[in-house]
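Novice:
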Amino acid sequence: MSTLDRMPEASRADETIHPHDTDRSTVKEAPLSSGRRSRATLYITLIAAVAALGGLLFGFDTGVIAGAMLFIVPHFHLGPAQQGLVVSAVTFGALFGALVGGTSSETIGRRWTNIVAGVSFVAGAVCSAIAPNVDLLIASRVLIGLAIGMTAVAAPMYIAELSPARSRGKLVSLFQLAITIGILVSYVVDRALAPEQAWRWMLGLAFIPGALLVLGMIAMPESPRWLLKTGAEKAARQALSLVRSPDEIEAEVREIQEDLGRSRPAAWSELLMPGLRPALLVGVGLAVFQQVTGINTIIYYAPEIFQKAGLDSATTALAATIGIGVVNVLSTLIAIWLVDRIGRKPLLLVGLAGMIVSLVAVGAAQRFGSMIGVNSNWLAPITVGFVGFYIVCFAFSLGPIVWLMISEIFPNRARARAAAISTAANWMANFLVSFSFPVLLVMMGPSLCFLYAAMGVAAFIFIIGWVPETRGKSLEEISRQWRTANP
Ligand code: BGC
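To get our numbering, take the position in the sequence shown, counting from 1, and add 348.
1. Which residue spans inside the stretch 554 to 630 form an unbroken beta strand (DSSP E) run of at least 3?
2. Here's the rule: buried if 16 or more other CB atoms are within 10 angstroms of the residue's CB, otherwise exposed. What is residue 455?
3. Report yes or no: do the stretch 505 to 524 and the stretch 675 to 684 share at least 3 C-beta pairs separated by less than 8 Å?
4. So what does DSSP say about residue 543, is it helix, strand or coil?
5. Which same chain residues end up closer than 7 Å to residue 747 when comparing Cβ atoms and leaving out the 5 residues on each side of it in sequence?
6. In three-state terms, what does DSSP make of residue 691?
7. Any heavy atom of the ligand BGC closer than 8 Å to the CB of residue 590?
8. What residues in its chain sit with their C-beta under 7 Å from that of residue 590, if we drop five residues either side in the sequence?
9. Using the Cα positions of residue 629 and residue 814, report the straight-line distance between them to the nearest angstrom.
10. How would you label residue 790, buried or exposed, when you count the other beta carbons within 10 angstroms and need 16 or more for buried?
11. Figure out for me which residue from 745, 775, 522 has the closest Cα to the Cα of residue 401.
12. Considering only residues of the same chain and omitting the five flanking positions on each side of residue 760, which have a CB-CB separation below 6 Å?
13. Taking the alpha carbon of residue 542 as the reference point, which residue from 639, 424, 636, 419 has its own alpha carbon closest?
14. Express the C-alpha separation of residue 803 and residue 733 in angstroms, rounding to a whole number.
15. Around the C-beta of residue 603, are 16 or more other C-beta atoms found within 10 angstroms, so that it is buried, or is it exposed?
16. Would you call residue 824 buried or exposed, if buried means 16 or more other Cβ atoms sit within 10 Å of its Cβ?
17. Considering only heavy atoms of the ligand BGC, does any lie closer than 8 Å to the CB of residue 839?
18. Looking only at its own chain, which residues have a Cβ that is under 7 Å from the Cβ of residue 817, when we skip the five neighbours before and after it?
19. Does the count of Cβ pairs from the stretch 489 to 496 and the stretch 401 to 415 closer than 8 Å reach three?
20. Quick check: residue 394 and residue 557, are their CB atoms within less than 9 Å of each other?
21. Return yes when at least one heavy atom of the ligand BGC lies under 8 Å from the C-beta of residue 734, else no.
22. Alpha carbon to alpha carbon, how far is residue 833 from residue 617? Give it in angstroms, no decimals.
23. Hey, how far is the Cα of residue 918 from the Cα of residue 610?
24. Do the stretch 631 to 644 and the stretch 472 to 481 make contact, defined as three or more Cβ pairs closer than 8 Å?
25. For residue 784, count neighbouring Cβ atoms within 10 angstroms of its own Cβ and tell me buried if that reaches 16, exposed if not.
26. Just checking residue 633 against the ligand BGC - is the residue's beta carbon closer than 8 Å to any of the ligand's heavy atoms?
27. Measure from the alpha carbon of residue 620 to the alpha carbon of each residue in 437, 460, 805, 762, then state which is nearest.
28. Within 8 Å: the Cβ of residue 762 and any heavy atom of the ligand NAD?
29. Does any residue of chain C have a CB that is nearer than 9 Å to the CB of residue 678?
30. Exposed or buried, which one is residue 828 when buried takes at least 16 other CB atoms within 10 Å?
31. Quick one: grab the DSSP three-state call for residue 480.
32. Mind checking whether the beta-carbon of residue 780 lies closer than 8 Å to any heavy atom of the ligand BGC?
33. Considering only residues of the stretch 374 to 436, which uninterrupted alpha helix (DSSP H) runs meet the minimum length of 4 residues and lie entirely inside it, listed in chain order?
34. Buried or exposed for residue 723, please, with buried defined as at least 16 other CB atoms from any protein chain shown within 10 angstroms of its CB.
35. Is residue 586 near the ligand BGC - that is, is its Cβ less than 8 Å away from at least one heavy atom of it?
36. State the start and end residues of the unbroken alpha helix (DSSP H) segment that holds residue 742.
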């Protein structure tokens, strides 16, 4: 149980206004006429879908490079160092993009940060598609990375700040659903364009969702929470009126203003002060655990893993990889279905348990299979099966819920900056894991799975001990609880 979950009822000063019952939506949100409710629901779903296009690009641009490299390498006669630079340019860009996104979400707002990210996605797609030399290709990939980092901070936060508490979980999880769709589309595009060796088209196609993101976001309202922070109360009410019923607006505006009025916006350095540190620890911890449990060794290296496990032809290995992409998309729907019903923590814990079991099973089968008499014909199906199960478990837990919680656990006055640091930590960990994987695999062999499993155990303990449950609570209520727990 986290500090917040452990707080005695009596110490929750504000809880008298909003009792801590299991379904807060029924207490806070007055009944809507069904017409109004469905219009507001439709509109907020549209807003979330448009912002989630950033996730689609995140997934597509990180996934597409594996297939494109097969042709980029001979085209530009790249050596190993240049190859590494082309692939990791996105990761470096994203690390800085996250920090840029944190600052710009504060200054120009959430909506404009998403628009700027969209413009960078478009520019990066065009420039990488027409790059005459490898330097420009690397620069374009850095630009795409910047856009990914910005969108990873701004899109989930924007969706969270416009969503009603009762459905915030599933709406923000659309961002992860879009990432998984982007990864799947990139696998399919790579495969479809491989016969023509059309790597420029593989990279350039991101232009389409990029343009849709820019045009879509221009038509969307700004986050009411950011507007109130800048004193634009009328515009905030207008934005809220699109996604709430008239009788809900007043209470929500008052609740946000009360939260904002308590303290001034937090500077970067303040994030480490005792008041904000526990929330930052949770954000950074979740972000890092999402990566160090090994997800991207499979997302980035699946064909090699399957070939080593015994799927003989490259075509079968690629087909298995596309299968993994489909499983990733479909299993994310489980989170969308359950995250507002049973909560974030149960999904995180069940998913992690499944990931740990899968990692141990794959490691044990590969390492000790022949010793304990497992028929070698069984090794490939066992590996593919457990890798698939690992993906299922990640897709309904650490995948969506980490981005969701980063968007909801921080108070209004610190959300953008703290989300930026958590997202940058996520990309840093992503880089370390994918960079070290080939080397560690040579050093440790299949035992590497046990290392990722041990990280999973640490994540499990961290979630039980430190991560609060946020289901059904308004963003301001979550922030009040941190204040009460860390006065
Ligand atoms: C992670 C990515 C990962 C993807 C896989 C995302 O939540 O941040 O690193 O590649 O999920 O679906």
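The C-beta atom is built at its ideal place from N, Cα and C for all residues, glycine as well.
The structure presented is a predicted model; accordingly, all values stated were derived computationally and were not measured.
Specialist: With the structure as the only source:
1. none
2. exposed
3. Output reads yes: the stretch 675 to 684 touches the stretch 505 to 524.
4. helix
5. So the qualifying residues of the chain are 524, 680.
6. coil
7. no
8. 391, 569
9. 9 Å
10. exposed
11. 522
12. 573, 607, 608
13. 419
14. Taking the straight line joining both Cα atoms gives about 21 Å.
15. Buried is the label assigned to residue 603, since at least 16 other Cβ atoms lie within 10 Å of its Cβ.
16. buried
17. This structure cannot settle anything about residue 839, because the visible part of the chain is limited to 349 through 835.
18. 353, 691, 692, 693
19. yes
20. No, they are not a contact pair.
21. no
22. If you draw a straight line from the Cα of residue 617 to the Cα of residue 833, it is about 21 Å long.
23. This structure cannot speak to residue 918, because the chain is shown only from 349 to 835.
24. Under the Cβ criterion (8 Å, minimum of three pairs), the stretch 631 to 644 does not count as touching the stretch 472 to 481.
25. exposed
26. no
27. When each option's Cα is compared against that of residue 620, the closest is 762.
28. Of the ligands this structure carries, namely the ligand BGC, none is the ligand NAD.
29. In the structure shown, chain C does not exist; there is a single protein chain.
30. buried
31. The answer is coil: DSSP assigns residue 480 none of H, G, I, E or B.
32. no
33. 382 to 424
34. exposed
35. no
36. It spans 724 to 743 - the alpha helix (DSSP H) in which residue 742 sits, taken as one unbroken run.
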